[in-house]
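One structure is given below, encoded as structure tokens.
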Amino acid sequence: MGLLPLVLLGCVSEATDSSDSGEDEAPREPEWGVAEVQDFLDRRLSEARPEPAVMAPPYVDLLSHAEHPCPSMAEPGNRWGPWATGPTACTTSAGWRFYGQAVMAAGCDTTVFDVGGLVSFEVAGPAGEVARAGGTFQIGCSRVVDEGECFGQLAGSFQFTAGGPVLTEGYVASIFYEETWAGGETVTVLDGGITWPDGTMALRELTFSGAGAAGALAVRDPSAVWFSLAVPEAGEGCVPLTVGDADVGEVCVDLTGWSAPLERIDPGCAD
Numbered sequence: 013m014g015l016l017p018l019v020l021l022g023c024v025s026e027a028t029d030s031s032d033s034g035e036d037e038a039p040r041e042p043e044w045g046v047a048e049v050q051d052f053l054d055r056r057l058s059e060a061r062p063e064p065a066v067m068a069p070p071y072v073d074l075l076s077h078a079e080h081p082c083p084s085m086a087e088p089g090n091r092w093g094p095w096a097t098g099p100t101a102c103t104t105s106a107g108w109r110f111y112g113q114a115v116m117a118a119g120c121d122t123t124v125f126d127v128g129g130l131v132s133f134e135v136a137g138p139a140g141e142v143a144r145a146g147g148t149f150q151i152g153c154s155r156v157v158d159e160g161e162c163f164g165q166l167a168g169s170f171q172f173t174a175g176g177p178v179l180t181e182g183y184v185a186s187i188f189y190e191e192t193w194a195g196g197e198t199v200t201v202l203d204g205g206i207t208w209p210d211g212t213m214a215l216r217e218l219t220f221s222g223a224g225a226a227g228a229l230a231v232r233d234p235s236a237v238w239f240s241l242a243v244p245e246a247g248e249g250c251v252p253l254t255v256g257d258a259d260v261g262e263v264c265v266d267l268t269g270w271s272a273p274l275e276r277i278d279p280g281c282a283d
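With positions in the sequence shown counted from 1, the corresponding number in the numbering used here is that position plus 12.
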């Protein structure tokens with residue numbers, strides 16, 4: 013099976029590293045100082061790294077509450093099959109209200125692994141559970157013997173109140189992932205950005221390998237000012253924090269929790 017098409021939706025624009033200020037506008041004054049940036053980095057880098065596999069368990073759990081024909085499933089019983097409610101919502105006998113659709117695909121063989129979906133839905137549970145998602149999450153890998161490569165994407169807006177601490181509040185993401193391995197060494201690259209309710213972090217070719225870490229991070233505060241920092245070579249340490257060309261202080265980061273190889277999504281066949 014071929015890799016799913018990678019699609020960027022309009023709803024992910026908040027998470028991209030861009031500025032809407034014109035050249036003639038006066039520079040914005042940052043709302044945050046070094047202490048606030050440090051607090052944001054400490055909290056967000058200590059959480060689970062947003063990636064495609066994070067979406068799979070809450071999505072599969074959500075579909076366990078489906079009761080065909082609510083929603084209508086192209087392949088009833090297949091957790092990775094397409095489903096839709098049509099133009100109006102439906103409610104199961106247990107009180108789960110589904111509205112939306114999902115186009116899912118999963119497959120693997122000895123050399124190719126590909127799973128993910130394009131989703132747009134809002135689901136409410138009888139105990140106040142809420143799941144909202146619009147975008148795509150996908151990982152596809154090809155491999156031969158002891159080497160291979162994976163490409164992944166997490167793009168859109170996602171919130172699962174029953175999906176763990178990070179997904180409870182939700183985020184908007186636009187991140188591409190690339191991973192290669194050969195000769196016993198794995199190189200993982202993340203590029204893109206994530207917007208949480210309290211701020212945005214941009215990942216600029218964030219790279220992890222046996223040689224250490226490389227790349228840069230940027231943090232946008234509520235006033236839309238960007239703070240930038242280089243990634244410590246060891247993956248953790250203290251580095252200068254800048255706004256534009258100005259050095260405003262120093263922050264310490266620990267990226268070891270984000271340095272692991274990409275998790276695989278289990279599509280129910282051998283990986």
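Where a beta carbon is used, it is the ideal one built from N, C-alpha and C, also for glycine.
Computed from a predicted structure; not experimentally measured.
With C-beta atoms as the reference, is V243 less than 8 Å away from L267?
yes
Could you pull the start and end residues of the beta strand (DSSP E) that P70 belongs to?
Here P70 belongs to no beta strand (DSSP E); instead the alpha helix (DSSP H) covers 64-75.
Going by DSSP, what residue range makes up the alpha helix (DSSP H) through L179?
177-181
Where does R216 sit, in a helix, a strand or coil, going by DSSP?
strand
Less than 8 Å separating the beta-carbons of S169 and G146?
yes
Comparing C-alpha positions only, which one of A143, F220, Q150, L53 sits nearest to G119?
Q150
Tell me which same chain residues have a C-beta within less than 6 Å of the C-beta of F220, skipping the five on either side of it?
T200, S271
Look at the alpha carbon of A185 and the alpha carbon of Q165, and state the distance between them as a whole number of angstroms.
9 Å
State yes or no: is the C-beta of L241 within less than 8 Å of the C-beta of P234?
no
Determine the burial state of V135: buried for a count of at least 16 other Cβ atoms within 10 Å of its Cβ, exposed for fewer.
buried
Across which residues does DSSP place R144 in a beta bridge pair?
E134, Q171
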